[in-house]
DNA sequence: TTAACATCTGAACATCTGCTCAATCGTTTC
DNA sequence: GAAACGATTGAGCAGATGTTCAGATGTTAA
């Protein structure tokens with residue numbers, strides 16, 4: 001080929017696209033909060049803990065035996081979950097029972113599960 | 001106090017609690033997949049990208065300018081999002097336009113947003 | 001008071017993550 | 001062809017993350 005047709009690519013206004021997208025993202029505070037919410041459930045250990053607590057309250061050693069990690073590791077994670085208000089603690093003697101404090105978590109898990117099951 | 005009442009704590013069957021919870025968690029494969037889904041959206045950068053793409057397709061440089069990171073960083077993230085089937089690519093000349101491939105993501109974000117807004 | 005038990009805490013560690021930098025590839029334009 | 005441009009890739013790095021270990025705290029039982 002000595003000559004080729006000129007390529008005409010679709011016009012694309014970068015300035016406008018960026019401005020519109022910036023609106024869609026919203027303020028960075030809400031983005032950060034959203035990301036944090038997803039982050040809690042992004043660790044398999046924490047996710048297992050939350051899944052287990054959907055049914056009933058559990059003590060630290062039960063969770064540790066259930067997942068297969070140290071009671072220390074469980075305690076660390078529970079502190080984080082408690083700080084984020086996902087879980088509440090009930091003390092009974094030397095034992096500490098944890099249960100879910102958040103009702104919306106189950107919805108999140110349900111939607112995410114549906115999302116996975118409909119993958120090719 | 002010279003004498004104190006005997007403490008009677010609520011009975012708790014560890015074996016039974018663990019067995020019940022193990023059922024609630026399910027197989028470890030599904031847990032891993034769930035965690036991975038949440039993990040994609042747990043990074044502020046990726047979350048911003050997804051939020052921006054909810055409205056319209058964007059090219060790499062637009063996203064880079066929008067978020068304030070290198071085009072290289074964007075490209076790295078887009079490869080990940082493409083691998084996970086969250087995004088699809090359309091090439092036009094030297095530009096690469098990305099758009100959302102997954103319809104469920106919006107639901108996930110909506111539920112998570114509601115979850116945040118109803119916090120004390 | 002001891003001893004045993006459940007939980008919690010801080011430190012150290014290895015691993016993972018997301019970023020930038022530099023170089024490369026593919027396309028378009030001169 | 002050469003230069004410009006957009007996108008991609010790999011290496012390297014700093015920071016975050018999850019775990020274990022050792023020790024401390026608090027509670028119950030002997």
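Protein chains in written order, with our numbering: chain A, 1 to 120; chain B, 1 to 120.
The beta carbon of each residue, even a glycine, is placed where N, CA and C say it ideally should be.
Using alpha carbons as the reference points, say which of the options lies closest to residue i.
i: residue 60 (chain A); options: A:43, A:38, A:44, A:87; result: A:87
i: residue 12 (chain A); options: B:97, B:115, B:42; result: B:97
i: residue 112 (chain B); options: A:93, A:52, A:30, A:82; result: A:30
i: residue 92 (chain A); options: A:75, A:68, A:58, A:83; result: A:58
i: residue 74 (chain B); options: B:82, B:64, B:83; result: B:64
i: residue 71 (chain B); options: B:95, B:32, B:108, B:84; result: B:95
Suppose contacts are defined by Cβ-Cβ distances below 8 Å. Is residue i in contact with residue j by that definition?
i: residue 77 (chain B); j: residue 45 (chain B); result: yes
i: residue 34 (chain A); j: residue 47 (chain B); result: yes
i: residue 53 (chain A); j: residue 100 (chain A); result: yes
i: residue 39 (chain B); j: residue 28 (chain A); result: no
i: residue 80 (chain A); j: residue 21 (chain B); result: no
i: residue 104 (chain B); j: residue 114 (chain A); result: yes
i: residue 17 (chain B); j: residue 56 (chain A); result: yes
Applying the criterion that 16 or more other CB atoms from any shown protein chain within 10 Å of the CB defines a buried residue, is residue i buried or exposed?
i: residue 1 (chain B); result: The predicted model places residue 1 (chain B) with a pLDDT of 38, which falls under 50 and marks its position as unreliable; any figure quoted below should be read in that light. Exposed is the call here.
i: residue 25 (chain B); result: buried
i: residue 118 (chain B); result: exposed
i: residue 62 (chain B); result: buried
i: residue 37 (chain B); result: buried
i: residue 49 (chain B); result: buried
i: residue 116 (chain A); result: exposed
i: residue 102 (chain A); result: buried
i: residue 3 (chain B); result: Low local confidence applies: a pLDDT of 40 at residue 3 (chain B) is under 50, so the model's placement there is unreliable, with the coordinate-based value given in what follows. By the neighbour-count rule (16 or more Cβ atoms within 10 Å), residue 3 (chain B) is not buried but exposed.
i: residue 5 (chain A); result: Caution applies to residue 5 (chain A), whose pLDDT of 46 falls short of 50 and renders its modelled position unreliable; the value that the coordinates give is listed next. It is exposed - the Cβ of residue 5 (chain A) has fewer than 16 other Cβ atoms within 10 Å.
i: residue 90 (chain A); result: exposed
With DSSP as the reference, please indicate the residues paired to residue i in a beta bridge.
i: residue 100 (chain A); result: A:87
i: residue 95 (chain A); result: A:92
i: residue 58 (chain B); result: B:98
Using only the heavy atoms of the ligand NAP, determine whether one of them is closer than 7 Å to the beta carbon of residue i.
i: residue 87 (chain B); result: In the structure shown, the ligand NAP is absent, as is every other ligand, since no ligand is present at all.
At a Cβ cut of 7 Å, what residues of the region 27-50 of chain A count as close to chain B, listed as they run along the chain?
31, 32, 33, 34, 35, 37, 38, 39, 41, 42, 43, 44, 47, 48
Using a beta-carbon distance cut-off of less than 9 Å, what residues from the region 56-67 of chain B approach chain A?
56, 57, 58, 59, 61, 62, 63, 65, 66, 67
Using a Cβ-Cβ cutoff of 8 Å, what residues of the region 70-91 of chain B are near chain A? List them in chain order.
85
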